[in-house]
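K.L.:
Before anything else, here's the structure in question.
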Amino acid sequence: MNILIVGSGAREHALAWKIRQSPRVENLFAAPGNAGTAFIAQNLSIDTGDFQALSRATQEHAIDLTVVGPEIPLANGIADYFQEHSLPIFGPTKAAAKIEASKVFAKELMMKYGIPTAMARIFTSYTDAKRYVELSPLPLVVKADGLAAGKGVTVAKTREEALEALSECMEKKVFGESGERVLIEECLQGQEVSVFAFTDGENLSSIVAACDYKRAWDGDRGPNTGGMGSYSPPGFWSMELEERILKEIMEPVIAAMAKEGAPFQGVLYGGLMITREGPKVIEFNARLGDPETQVIIPRLKSDPVEVMLSVLSGKLRKTPLEWSNEASVGVVIASGGYPGSYGRGYPIQGLDTLEEEVLVFHAGTKLALDTTSGKTRIVSDGGRVVTVVALGEALAEARERVYSNIGSIHFQDSFYRKDIAEGVTWS
Ligand code: AMP
Ligand code: GLY
0 MNILIVGSGA
10 REHALAWKIR
20 QSPRVENLFA
30 APGNAGTAFI
40 AQNLSIDTGD
50 FQALSRATQE
60 HAIDLTVVGP
70 EIPLANGIAD
80 YFQEHSLPIF
90 GPTKAAAKIE
100 ASKVFAKELM
110 MKYGIPTAMA
120 RIFTSYTDAK
130 RYVELSPLPL
140 VVKADGLAAG
150 KGVTVAKTRE
160 EALEALSECM
170 EKKVFGESGE
180 RVLIEECLQG
190 QEVSVFAFTD
200 GENLSSIVAA
210 CDYKRAWDGD
220 RGPNTGGMGS
230 YSPPGFWSME
240 LEERILKEIM
250 EPVIAAMAKE
260 GAPFQGVLYG
270 GLMITREGPK
280 VIEFNARLGD
290 PETQVIIPRL
300 KSDPVEVMLS
310 VLSGKLRKTP
320 LEWSNEASVG
330 VVIASGGYPG
340 SYGRGYPIQG
350 LDTLEEEVLV
360 FHAGTKLALD
370 TTSGKTRIVS
380 DGGRVVTVVA
390 LGEALAEARE
400 RVYSNIGSIH
410 FQDSFYRKDI
420 AEGVTWS
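Here the sequence shown stands for residues 0 to 426, where the numbers follow numbering that gives the first Met the number 0.
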């Protein structure tokens with residue numbers, strides 16, 4: 000088979016790396032990809048939003064399956080476009096991706112079907128929302144309805160913070176249309192976990208879980224980012240918890256989406272809080288997580304192509320998803336300044352000096368010609384630049400392997416968190 004991966008992050012590089020190992024795969028393409036995918040696939044310089052050019056490329060290269068990584072093309076209907084042109088694609092339709100693209104839609108769905116989630120009120124009027132904030136107990140969570148590149152959520156400890164977040168959304172409209180409607184939620188307490196299940200719209204695979212570190216700096220300080228590191232499985236993960244999440248959250252939501260006429264096919268990502276009363280939903284995403292994918296994919300024992308094909312044919316039940324018992328840790332190296340502004344084009348050194356078992360998944364990297372030597376080299380080209388990943392029998396071993404190697408990779412102003420998977424009880 001010939002396969003096309005849409006996206007350019009470390010999530011997509013990890014997918015490409017795993018898909019490349021499938022005996023079913025002949026040619027692999029990435030659009031637009033990065034310097035990492037360039038070594039294992041052919042990069043096509045096509046924007047992830049240009050559905051026409053992507054579908055033309057699938058014809059030109061005889062692509063049998065397109066796999067979509069990021070949320071924006073899904074929310075904009077890439078799957079619908081491909082399906083209309085009879086092109087096989089792995090990823091939910093626009094109607095199904097609404098579970099991520101509209102937090103109001105997701106919340107109303109959960110409330111209607113009794114799926115455990117944070118209590119919330121939905122507002123379209125700034126005055127009403129403001130009055131509610133003034134009367135409610137703290138902390139409060141203020142959320143823009145639509146996609147906001149991970150910046151639309153404020154966990155407010157003070158009324159001033161909550162009012163500021165409201166004003167940003169509804170008065171200053173910093174998220175545009177995404178902030179026209181706002182949710183104000185109770186703040187859940189507990190252990191946060193990302194869970195992933197493949198689904199064909201009716202059947203679900205087993206769940207794999209990972210923890211993500213969203214803040215930029217050590218000790219969970221600093222601004223929110225796309226994610227600075229991850230590990231899998233969490234120390235508290237168990238068969239009982241997996242079963243409970245399947246029965247109370249994942250299965251009911253998949254059944255609800257089908258009932259609402261928007262069956263969900265692809266990977267459902269539950270952002271959950273394990274509270275004292277049990278698991279509750281913080282949010283759903285319509286795709287794999289980044290950086291969670293970089294730590295879960297190396298634990299995948301099944302052939303991802305088989306799994307994706309069985310999702311497309313509605314026969315997921317026949318293709319069990321198997322995960323190794325090993326622990327996996329991933330640490331992101333980012334450009335100084337990220338998630339704010341940062342420089343690009345800095346040569347990355349040391350990528351070829353790591354122990355063989357250590358994996359490096361590229362994100363913001365590209366190949367550039369060095370005019371002095373005449374050679375191509377890998378330079379930084381984004382906020383999150385690479386994710387360094389290692390497996391181990393135990394979490395501490397995986398962690399040690401990542402941190403004893405990561406220091407060899409350098410570029411100007413680079414930084415990474417030193418506390419990923421630190422102090423985690425793991426058995
Ligand atoms: P994101 O939407 O990925 O930017 O996530 C924002 C983060 O805010 C989540 O990962 C949680 O840590 C936190 N968060 C969002 N909603 C709640 C909630 N209802 N209670 C507690 N924390 C929340
Ligand atoms: N790791 C967070 C996300 O992928 O949305």
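Note that the Cβ used here is the ideal one computed from N, Cα and C, for glycine as well.
1. Name all residues in chain order for which at least one heavy atom of the ligand GLY lies closer than 5 Å to the residue's CB.
2. Within 10 angstroms of the Cβ of K142, are there 16 or more other Cβ atoms? Answer buried if so, exposed if not.
3. Consult DSSP for S101 and reduce its assignment to one of helix, strand or coil.
4. Within the present structure, is the beta-carbon of G339 separated from the nearest heavy atom of the ligand AMP by less than 7 Å?
5. Taking just the CA atoms, how far does H60 sit from S205?
6. Along the chain, which unbroken stretches of the alpha helix (DSSP H) at least 4 residues long are found entirely within the stretch 214–244?
7. With H, G and I counted as helix, E and B as strand and the rest as coil, what does DSSP make of W16?
8. Using three-state DSSP, classify V451 as helix, strand or coil.
9. Based on Cα-Cα distance, which residue from G35, Q293, K17 lies nearest to M227?
10. Roughly how many angstroms lie between the CA atoms of K150 and Y337, to the nearest whole one?
11. Among the candidates V330, R243, R55, whose CA atom is the shortest distance from the CA of D217?
12. Just to check, is the beta-carbon of M256 closer than 7 Å to a non-hydrogen atom of the ligand AMP?
13. What is the DSSP secondary structure of Q190, counted as helix, strand or coil?
14. Let me know if K111 comes out buried or exposed under the rule of 16 or more other beta-carbons within 10 Å of its beta-carbon.
15. Would you kindly work out how many angstroms separate the C-alpha atoms of R416 and S85, rounded to a whole number?
16. Taking the DSSP output, what are the residues bridged to T153?
17. Under the rule that 16 or more other beta-carbon atoms within 10 Å means buried, what is D412, buried or exposed?
18. Can you give me the C-alpha to C-alpha distance between G48 and A147, rounded to a whole angstrom?
19. Only counting the same chain, and skipping five residues up and downstream in sequence, which positions put a Cβ closer than 7 Å to that of I39?
20. Go through its chain and collect everything with a Cβ distance to A261's Cβ below 6 Å, but skip five positions before and after it.
21. Alpha carbon to alpha carbon, how far is D63 from E25? Give it in angstroms, no decimals.
22. Using the three-state DSSP reduction, which class does L311 fall into: helix, strand or coil?
23. So does M307 have its beta carbon nearer than 7 Å to some heavy atom of the ligand AMP?
24. Report the three-state DSSP secondary structure of R286 (helix, strand or coil).
25. Opposite L203 in the DSSP bridges: which residues?
26. Specify which residues have a beta carbon nearer than 5 Å to any heavy atom of the ligand AMP, listing them in chain order.
27. Can you tell me whether I114 sits near the ligand MN, meaning its C-beta is under 7 Å from at least one heavy atom of the ligand?
28. V357: which of N404, P91, E396, E170 sits nearest, CA to CA?
29. Count the other CB atoms within 10 Å of the CB of S372; is the residue buried (16 or more) or exposed (fewer)?
30. Short of 8 Å in beta carbon distance, which residues of its chain neighbour I2, apart from the five on each side in sequence? Order them along the chain.
31. Between which residues of its own chain and T57 is the CB-CB distance below 7 Å, once the five residues before and five after are set aside?
32. Does the stretch 345–353 come into contact with the stretch 309–317, if we say contact requires no fewer than three beta-carbon pairs (one atom in each stretch) closer than 8 Å?
33. Which of the three DSSP states is assigned to F360 in this structure?
34. Got a sec? Which residues, its chain only, sit under 7 Å from E325 by beta carbon, not counting five neighbours each side?
35. Go through its chain and collect everything with a Cβ distance to F414's Cβ below 7 Å, but skip five positions before and after it.
36. Does the Cβ of R289 have 16 or more other Cβ atoms within 10 Å, making it buried, or fewer, making it exposed?
P.N.:
In brief:
1. Contact residues of the ligand GLY (beta-carbon closer than 5 Å to any heavy atom; chain order) are D211, G226, G288, D289.
2. In this structure K142 is buried. Its beta-carbon is surrounded by 16 or more other beta-carbon atoms within 10 angstroms.
3. Note: S101 maps to coil in three-state DSSP.
4. No, the ligand AMP has no heavy atom inside 7 Å of this Cβ.
5. Those two C-alpha atoms are separated by around 33 Å.
6. Entirely contained in the stretch 214–244, the alpha helix (DSSP H) runs reaching 4 residues are, in chain order, 238–244.
7. Reduced to three states, the DSSP call for W16 is helix.
8. Beyond the ends of the chain as shown, which are 0 and 426, falls residue 451; an answer cannot be given.
9. Per the Cα distances, Q293.
10. Rounded to the nearest angstrom, the two C-alpha atoms are 13 Å apart.
11. Per the Cα distances, V330.
12. The beta carbon of M256 sits no closer than 7 Å to any heavy atom of the ligand AMP.
13. Three-state result, Q190: strand.
14. Burial call: exposed.
15. Rounded to the nearest angstrom, the two C-alpha atoms are 44 Å apart.
16. Per DSSP, V141.
17. Its Cβ having fewer than 16 others within 10 Å, D412 is exposed.
18. Going by the C-alpha atoms only, they are around 16 Å apart.
19. The residues A15, W16, R19, L27, in chain order, have a CB closer than 7 Å to that of I39 in the same chain once the five nearest residues on each side in sequence are set aside.
20. Result list for A261: A94, A95, in chain order.
21. Whole-angstrom Cα-Cα distance: 10 Å.
22. Of the three classes helix, strand and coil, the one that applies to L311 here is helix, per DSSP.
23. No, since every heavy atom of the ligand AMP falls outside the 7 Å radius drawn around the Cβ of M307.
24. Of the three classes helix, strand and coil, the one that applies to R286 here is coil, per DSSP.
25. Residue pairing by DSSP places L203 opposite T198 in a beta bridge.
26. The answer, residue by residue, is A117, V140, G149, V152, E184, C186, L187, I281.
27. Of the ligands one can find in the structure shown, namely the ligand AMP and the ligand GLY, none is the ligand MN.
28. Closest option to V357, Cα to Cα, is N404.
29. Exposed.
30. Excluding residues up to 5 positions away in sequence, I18, V24, N26, L27, F28, I62, D63, L64, T65, V66, V304 lie with their Cβ nearer than 8 Å to the Cβ of I2 in the same chain.
31. Residues of the same chain with a CB within less than 7 Å of the CB of T57, apart from the 5 flanking positions on each side, are L3, T65, L86 in chain order.
32. As far as the Cβ criterion goes, the stretch 345–353 does not touch the stretch 309–317, which means the pair count is below three.
33. Strand, per DSSP.
34. By the criterion of a C-beta distance shorter than 7 Å, E325 is surrounded in its chain by R298, L390, G391, E392, once the five residues flanking it on both sides are discounted.
35. A333, G335.
36. A small fix is needed here, since residue 289 is Asp in this sequence, not Arg. The residue is buried, with at least 16 neighbouring Cβ atoms inside 10 Å.
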